[in-house]
Amino acid sequence: MQQDTMIPTAPAPGFADAVQQSQLAFRALLDAMARPGRVAAMPGDIGNPAGMAPALAAAALTLCDLDTPVWLGPGLDTDAVRGWLRFHTGAPLAATAEAADFALLDAAAGLPALDVFSLGSDAAPDRGATLLVQVATLAGETAMTWRGPGIKDAVTMPVCGLPAEVWRARAALSAEFPRGLDLYLCAGSSVIGLPRSTAISFTTEA
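The numbering used here puts the first residue of the sequence shown at 16, with every later residue one more than the last.
What follows is the structure, given as structure tokens:
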């Protein structure tokens, strides 16, 4: 009797041109973090697994590697994403959020409390996690003001698809500086950087 055999599903592709696109993505990520609040464009033609936006995929391919444990949040903790990440980056999956250097998060599926991630220590603040957050939009009604390095005076910002409680939790982390979290907000093929050095104040009540 002939038996059916399961054919493994190949991971989704990554960069079409790994060298050029990874360099473009790295420069975009650096620019986004150096100029908080300014939208940076990630390179196009990025292969990405189901449920992951191109900008988030490009950021993960650029930043994650064998030495950076990655934690997958709700909505992204799937076989497709795990296999894709393992195949293209070799990054180990962190068993807990606190153990992660990077976290891939989907705002539409709900975000964990920010205090579950490592903020680093006074001796090694650079050990704080970087959160790569997929959001539906980087636009919207103005709700807050950002101030800090890389910003001339101040920049007004929309909520960018995140709940008000997440923004308030992030604002409270400013008191922990230089400990803290760095965030990238990814929508479509665009990204905004939010370093831990940026202070947030609110212009409206969400």
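C-beta atoms are modelled at their ideal positions from N, C-alpha and C, and glycine is treated no differently.
Computed from a prediction, not measured in an experiment: that's the story for all the values here.
Three-way DSSP call (helix, strand, coil) for residue i in this model
{"i": "residue 48", "result": "helix"}
{"i": "residue 94", "result": "helix"}
{"i": "residue 196", "result": "coil"}
{"i": "residue 68", "result": "coil"}
{"i": "residue 115", "result": "coil"}
{"i": "residue 54", "result": "coil"}
{"i": "residue 81", "result": "coil"}
{"i": "residue 129", "result": "helix"}
{"i": "residue 20", "result": "With a pLDDT of 48 at residue 20, under the threshold of 50, the predicted position of this residue should be treated as unreliable, though the coordinate-derived value follows. Note: residue 20 maps to coil in three-state DSSP."}
{"i": "residue 221", "result": "Low confidence applies to residue 221: its pLDDT is 48, below 50, so where it sits in the model is not reliable enough to give any reading."}
Option nearest residue i by Cα separation, candidates the options
{"i": "residue 109", "options": "85, 128, 90 and 122", "result": "85"}
{"i": "residue 27", "options": "199, 146, 66 and 111", "result": "66"}
{"i": "residue 56", "options": "212, 204 and 214", "result": "204"}
{"i": "residue 168", "options": "29, 52 and 118", "result": "52"}
{"i": "residue 34", "options": "50, 76, 48 and 63", "result": "76"}
{"i": "residue 208", "options": "62, 74 and 69", "result": "74"}
{"i": "residue 80", "options": "157, 87 and 117", "result": "117"}
{"i": "residue 62", "options": "83, 30, 163 and 71", "result": "30"}
{"i": "residue 120", "options": "87, 96, 97 and 178", "result": "87"}
{"i": "residue 82", "options": "44, 115, 180 and 179", "result": "115"}
{"i": "residue 139", "options": "198, 42, 94 and 193", "result": "193"}
{"i": "residue 191", "options": "179, 129 and 201", "result": "129"}
{"i": "residue 145", "options": "198, 106 and 165", "result": "198"}
{"i": "residue 166", "options": "181, 201 and 215", "result": "215"}
{"i": "residue 135", "options": "47, 196 and 202", "result": "196"}
Status (buried if at least 16 other CB within 10 Å, exposed otherwise) for residue i
{"i": "residue 217", "result": "exposed"}
{"i": "residue 185", "result": "buried"}
{"i": "residue 104", "result": "buried"}
{"i": "residue 111", "result": "exposed"}
{"i": "residue 16", "result": "Only weak support is given to the placement of residue 16: the predicted model assigns it a pLDDT of 45, under 50, and the question is left unresolved by the model."}
{"i": "residue 141", "result": "exposed"}
{"i": "residue 213", "result": "buried"}
{"i": "residue 132", "result": "buried"}
{"i": "residue 210", "result": "buried"}
{"i": "residue 91", "result": "buried"}
{"i": "residue 64", "result": "buried"}
Residues of its chain near residue i, where Cβ-Cβ distance is below 6 Å and the 5 sequence neighbours each way are ignored
{"i": "residue 176", "result": "122, 150, 151 and 152"}
{"i": "residue 89", "result": "124 and 125"}
{"i": "residue 171", "result": "157 and 160"}
Same chain, Cβ closer than 7 Å to residue i, neighbours up to 5 away in sequence not counted
{"i": "residue 39", "result": "58"}
{"i": "residue 98", "result": "26"}
Next on the checklist: Please give me, in chain order, every unbroken run of the alpha helix (DSSP H) with length at least 4 that falls completely inside the stretch 131–217.
Outcome noted: 179–187
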